[in-house]
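Chemist:
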Amino acid sequence: MSIETRPLHPTIGAVMTGIDARRPQSAAEIAALEAGMDRHAVLVLPDQDITDAEQLAFTRNFGPLQEGANTTLTATTLRLGAAFADVSNLDKDNRRLERDDRRRMAALGNRLWHSDATFRVVPARYSFLSGRIVTTQGGNTEFADMRAAYDALDAATKAEIEPLICEHSLIYSRGQLGFTDFTDDERITMRPVRHRLVRTHPVTGRKSLLLSAHIGAIVGWPRPEAMAFVRDLMEHATRPEFVYVHRWTRHDLVIWDNRTTMHRVRRFDDLTIVRDMRRTTTMSEGPTAQQAAA
Ligand code: OGA
Ligand code: MN
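Counting from 1 along the sequence shown, just add 12 to a position and that's the residue number in the numbering used here.
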């Protein structure tokens, strides 16, 4: 099968055909996928009717797995293995989550623009989201190009943000939606971590904005001033010209580079409609900033 790539947007997103994610990949196929990711930041692989085991095996081609996405809330019973982020609206018995379910409350955070796992010291590299049961009424996933957003900043802003360090935590992103009832243990698991606001892609050398709903502070800044500035940057970075909107087809496997993009899911009627999306994730190279002493 020959590999073909068709851009979906001037700077972000492309469809790649000629890859079968169910099978072991050759070195040439991995190289094509990585080159496609470095260029387009989001790749859509259509017609990938994969099992969980196949998805995991495919993901492992791109580095160590980032696990534990569904265990930040204590006492959660998992529907999928711990290596998966279950971003469905289903419980362990495959029933839709109730309106006030705690896992549903937490998952609503995905409606805010974010980059995956920036609440960890080593954040995510690639995310692989498999559309097992997709929605047509709402539930699109939107991706914003943080390279293009960085490039479009004026020189003074680029210079100002270059040294800045932000603090990220799930407490901040969930708190934005008013979800604040955490146990003491959860508060320890979710304590803030530090990341640079500007980061450089290790392969392309391009700079991008490391923004995420998980940001709750800029080190050394008064909090309201920091959050007002982060809002301005978010507004800039998610202007329509930087955004690719993905409308799902069943068995799409969508891969994004969290180092150069943000994403969010749009509202859908999750109390009535089933949406079964399963994410696997790899880790990025290492911390983007030194952490404060505990
Ligand atoms: C994710 C996520 C968006 C979606 O899996 O990391 O944010 O469309 N999902 O479900
Ligand atoms: Mn996400």
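Glycine included, C-beta positions come from ideal geometry on N, C-alpha and C. Here the structure is a predicted model, which is why all the values come from computation and not from measurement.
#1: Rounded to the nearest angstrom, what separates A160 and G25 at their Cα positions?
#2: Out of K170, W260 and F155, state which residue places its alpha-carbon closest to the alpha-carbon of P22.
#3: Would you say the beta carbon of P296 comes nearer than 7 Å to a heavy atom of the ligand OGA?
#4: What do you reckon, is the C-beta of M289 under 7 Å from a heavy atom of the ligand OGA?
#5: Taking the C-alpha atoms as reference points, what is the distance between G228 and H180?
#6: Under the three-state reduction of DSSP, which class applies to R115: helix, strand or coil?
#7: Who are A229's beta bridge partners in DSSP?
#8: Quick check on DSSP: helix, strand or coil for V56?
#9: Quick check: is any heavy atom of the ligand OGA less than 7 Å from the C-beta of H275?
#10: Can you pull the DSSP bridge partners for W268?
#11: With distances taken Cα to Cα, identify the nearest neighbour of M117 among T250, G187, H207 and A240.
#12: Tell me whether the stretch 201-216 and the stretch 91-111 touch, counting them as touching only if at least three CB pairs, one residue from each stretch, are closer than 8 Å.
#13: Let me check understanding here. Comparing Cα to Cα, which of A171, A240, L221 and A238 lies closest to A249?
#14: Which residue's Cα is closest to the Cα of M28: D163, H52, G298 and A39?
#15: Do you know how far the Cα of T63 is from the Cα of V134?
#16: Cβ of N122 versus every heavy atom of the ligand OGA: is any distance shorter than 7 Å?
#17: Could you give the DSSP three-state label for P307: helix, strand or coil?
#18: Using a Cβ-Cβ cut-off of 8 Å (strictly less than) and excluding sequence neighbours within five positions of A94, which residues of its own chain qualify?
#19: If you count every other CB in all the chains shown that lies within 10 Å of the CB of A171, and 16 or more means buried, which is it?
#20: Please state if the CB of R91 and the CB of R279 are separated by a distance shorter than 8 Å.
#21: Enumerated in chain order, which unbroken segments of the alpha helix (DSSP H) with a length of 4 residues or greater are wholly contained in the stretch 193-263?
#22: Using alpha carbons as the reference points, say which of L57, R34, D32 and S142 lies closest to T17.
#23: Determine, using beta carbons only, whether D163 comes closer than 8 Å to chain C.
#24: Taking a contact to mean a Cβ-Cβ separation below 8 Å, would you say F290 touches R144 in this structure?
Modeler: According to the data block:
#1: 13 Å
#2: F155
#3: According to the sequence displayed, residue 296 carries Ser and not Pro. For the ligand OGA, not one heavy atom lies less than 7 Å from the Cβ of S296.
#4: yes
#5: 6 Å
#6: helix
#7: E179
#8: strand
#9: yes
#10: V54 and S139
#11: G187
#12: no
#13: L221
#14: H52
#15: 27 Å
#16: yes
#17: Given a span of 13 to 306 for the chain in the structure shown, any question on residue 307 remains unanswerable.
#18: E79, G80, N82 and T83
#19: exposed
#20: no
#21: 196-201 and 235-249
#22: L57
#23: The chain labelled as chain C is not found in the depicted structure, where only one protein chain is given.
#24: For the record, residue 290 in the displayed sequence is Arg; it is not Phe. Yes, the pair counts as a contact, with Cβ atoms nearer than the cut-off.
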